[in-house]
Each structure stands twice: as structure tokens, then as C-alpha cells.
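Student: After the C-alpha cells below, expect a handful of questions from me.
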Amino acid sequence: MKDDLSQIISKFDTQGSIEAIEPFGGGHINDSFRAMNTRSQFPNYFLQRINHHVFKDVEGMMNNIQSVTAFLSKKYNEQSLDEDGMLALQIVKTLDGALYTKWGDSYWRLYLLIEGLQSIDIPSSADIVFEGAKGFGQFIADLHHFDANSLTHTIPYFHHMPRRLKRFEEVVSDVSVDKDEEKQAIQFVRKVGNELCELQRLLDQGSLPLRVTHNDTKFNNILFDAKNKARCVIDLDTVMPGLVHYDFGDGVRTSTCTSDEDESDLDKVDIDAEFFEAYTSGFLEDTRGILSDLETQTMVEGALMMPFIMGVRFLTDYFEGNKYYKTAYPTHNLVRAKCQLELTRKMLARKADLISIVKKYS
Ligand code: ADP
Ligand code: GN1
Ligand code: MG
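Plus 1387 on top of the position in the sequence shown (first one is 1) and you've got the numbering used here.
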């Protein structure tokens, strides 16, 4: 593998000489590596194997990322020489000028490693939540004038709740459900599923606009500097037309929950109201001016739908034999699903409070 990695990186237009390539980052989908230069005047790099079972149109996805990062770079360069300003990811092309390379059966891409910035898995303060949310909101506002129709749908129907439920039912009908915890999770999905399809109904009837959204605003998909300012939105594989609610909701799911995504003790899973307020105020800071009344009025639907859709997706993958997500143990997806469904349940119980918090900042 080490030799392969050196050979793979040699296909890209790098500067200096790479001395070490080490695994880096812990997402559920791609495999990431940090490639360090021997000489400090040259950049370090971030190498990724793209999961082409998940992202079937690698070319389309890389074209999306290239056009979005080029648009953002131009904007940020023109804006000011502000040292604390936002940065855009920068793709390093291959020696042939391509956006990725193929090695055996796998696909690889390279970015510049952004020095001095780091991701935060679980924020430790409301200030950090605010800053991250502000960064994700700014990403949407900065892409407000980018033509959403020019983007490929890198995963078709990614957040289409009714289709996710349909697939879930197909998979469940093919397996034997033995354990009580499995039965309870299925029951809960069936109980609230229809209610949580509200955003798709509004989208289908043309009441909500499609925007350029990130669609995977897990809190560790934004990098922070040493002063805890959010500086760069990363993991752009799913940037495509979507609802603003998805980006609001996934950030809420991953930064305002009192537990990890895969907490097995469900008593520890809840929403932290102070963090929710911080996320809401940060997210709306730059988006407030561009959103319609209905978008803000229905924003909480995103916060409810995102943990739910994750619960459904984890549970589906569990019953399908853990094919999609990386897992650490056989019931990992079941544990993740139960945690996300519990978060949904607790949030549904506090829906009215969450709506009034959003109203306060709208
Ligand atoms: P995944 O799809 O596996 O979540 P990411 O693209 O989010 O992959 O990268 C994994 C982690 O690597 C991120 O959470 C972040 O800590 C780090 N990272 C990603 N891109 C860069 C970059 N260009 N510079 C520095 N760190 C990065
Ligand atoms: C995956 O790649 P990563 O870990 O940032 C997934 C998201 C889920 C997330 C759950 C393409 O994101 O949709 O929210 O896991 N990405 C894809 O942790 O399916
Ligand atoms: Mg990520």
C-alpha cells in the first residue's frame, strides 16, 4: 500500500518531495491520507481515495468541486486581504491536467493540505458551535449566485425522505427481524416517517427553492483556526442542489447533540438547547437576508429530518449487511441508528421550543 500511495501521488502535479503519507481523518465514506513534504517551503498535501461505490459519477463530482471551489476562491480573493477570511479548498491536478486519477480499480484525488486548521468532532462550547454554523451559513450565502442547475446530483435523491423510507421497507421485508431493539427501531420509523416527509412535500409542490447546498454539514466538515474561527468548508463531495434545511439540520444533529453519533446509552442522547440556539444564530447570520419566509418558518423541519434520515439510513445499512458505511463492529449501524432515532424522538418532543428559538433569530 505504501508503495502504491507513493506511486499514486507521483501522478499529481506536486512540488518538492513527499517523505511520508499517513492515514488522516475518520469519515465514514472515503479514505484519507496526509502527505508531508521534505522541504518546508513546499506545500503538504491531502490525498483521498474516492468511494466510487457511493459516488458513482466521479467525473461529475470532481467537476462540481472544481467549479464550486474556483467560484469561492475568486470571491474570497476579491473580497479583501483579511487574514481571518474564509478559504476555499484547492484541488491539485494530475500531471495530465485531470481532476483525479485512476489506480487499479480505485479513484484518487489530491488537495492542498490547509495548514494550521483543524476539524472539531464534538464542539466544547456554544461559541464554537456559533462559529461553525456561521461558516456553514456563509457557504450557502457565498454560493447564492452560483447556478445550482450547473451541478451534477452526485448522489441522486440523497435527502429524499420518502424514497429512503421506501428502500428501508424493501430491505426490512427481506430480513428476519428478531431482536426487540430492532423491532422498536422499525416501529418508531413507521410511526413518525410520514410526518418527517414534510420538507419533500413542500419541495414537490414548489414552495421551497433548491439552492447550492453542502448536504453533509457534519460539524467536522468545517476547519477552524487556532482562534476557533471557522475558516474552510471541506468534504465537498455532496455539494449539489438541495434545501437549506439539510445544512441547518445536519449541523444541528452533529453539534448540538449531547452525545456522539453512535452513543449506545440512550439516556445520554439529547439536544442541548444552548448549543441549538448558538447554531441557529450562527447559521442565520449570513443566510437570513437570502432566505424566504417559508424557509425560515420551516427550518426546524430540517433539524428533525436530518437525525431521522440518518437513523433510517444506518438502520437500512444494518439490515442490508453493512455495505455502505464503514463500521467498527457488526452492530455499529444499529447502535448509530438507535442513537439518531432517539435524538429525533427527543427533538420532536421539544419541537415548539426549537421553533421559537429559530423565530427569535429570523
Ligand atoms: P470524509 O469524507 O472521510 O469525512 P473529509 O474530506 O471530511 O473526509 O476529510 C477527513 C478529515 O481530514 C477532515 O475532517 C479534516 O480533519 C481533514 N481534512 C480534510 N481536508 C483537509 C485539507 N484540505 N486540509 C487539512 N485537513 C483536511
Ligand atoms: C457520511 O463522509 P462523512 O463521514 O462526512 C455520509 C453522510 C452522513 C454521515 C453520518 C456521502 O459522511 O451523509 O451524514 O456519514 N456521507 C455520505 O455520519 O453518505
Ligand atoms: Mg468529512
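Backbone N, C-alpha and C fix where the C-beta goes; we use that ideal spot for every residue, glycine too.
As the structure is a computational prediction, the values presented were derived from the model and not from experiment.
Just the C-alpha distance for I1437 and L1504, rounded to the nearest angstrom, thanks.
Tutor: When rounded, the distance between both Cα atoms is 22 Å.
Student: Name the DSSP beta bridge partners of F1433, please?
Tutor: According to DSSP, F1433 bridges with R1421 and Y1498.
Student: How many angstroms separate the CA atom of P1717 from the CA atom of Y1463?
Tutor: P1717 and Y1463: Cα-Cα distance of roughly 44 Å.
Student: Under 6 Å: does the beta carbon of N1608 sit that close to some heavy atom of the ligand ADP?
Tutor: Yes - the ligand ADP has a heavy atom lying nearer than 6 Å to the Cβ of N1608.
Student: Would you kindly check if the distance between the Cβ of Y1705 and the Cβ of L1828 is under 7 Å?
Tutor: Because the chain in this structure spans residues 1388 to 1749, residue 1828 falls outside the shown range and cannot be described.
Student: Who pairs with L1610 in a beta bridge, going by DSSP?
Tutor: S1506 and C1619.
Student: Nearest-angstrom Cα distance between W1490 and I1395?
Tutor: Answer to the nearest angstrom: the Cα atoms are 7 Å apart.
Student: Counting only runs of 4+ residues fully inside the region 1426-1495, write out the alpha helix (DSSP H) ranges in chain order.
Tutor: Correct list: 1445-1466.
Student: Do D1622 and the ligand MG come close, with the Cβ less than 6 Å from some heavy atom?
Tutor: Within the cutoff, so yes.
Student: By Cβ distance, which residues of its chain are closer than 7 Å to D1400, with the 5 residues on each side in sequence left out?
Tutor: Taken in chain order, the residues that qualify are V1479, K1480, T1481 and L1482.
Student: Could you pull out every residue in the same chain whose Cβ sits closer than 8 Å to the Cβ of K1733, ignoring the five residues on either side in sequence?
Tutor: Correct list, in chain order: V1656, D1657 and I1658.
Student: CB-CB under 6 Å to S1646, same chain, minus the five flanking residues each way: which ones, in chain order?
Tutor: The answer, listed in chain order, is K1655 and V1656.
Student: Within 10 angstroms of the Cβ of Y1432, are there 16 or more other Cβ atoms? Answer buried if so, exposed if not.
Tutor: Buried.
Student: Is the closest heavy atom of the ligand ATP to the C-beta of G1519 under 6 Å?
Tutor: With respect to small molecules bound, the structure shown includes the ligand ADP, the ligand GN1 and the ligand MG and not the ligand ATP.
Student: On the DSSP letters alone, give me the boundaries of the alpha helix (DSSP H) that R1598 sits inside.
Tutor: Looking at the DSSP string, R1598 is not in any alpha helix (DSSP H); the run it does join, the beta strand (DSSP E), is R1598 to T1600.
Student: Whole angstroms is fine: what's the gap from F1695's alpha carbon to Q1428's?
Tutor: One C-alpha to the other measures close to 47 Å.
Student: Among G1629, Q1574, S1397 and A1457, which has the Cα closest to the Cα of T1488?
Tutor: If we check each option's Cα against that of T1488, S1397 comes out closest.
Student: When burial is assigned at 16 or more other CB atoms within 10 Å of the CB, is N1536 buried or exposed?
Tutor: Burial call: exposed.
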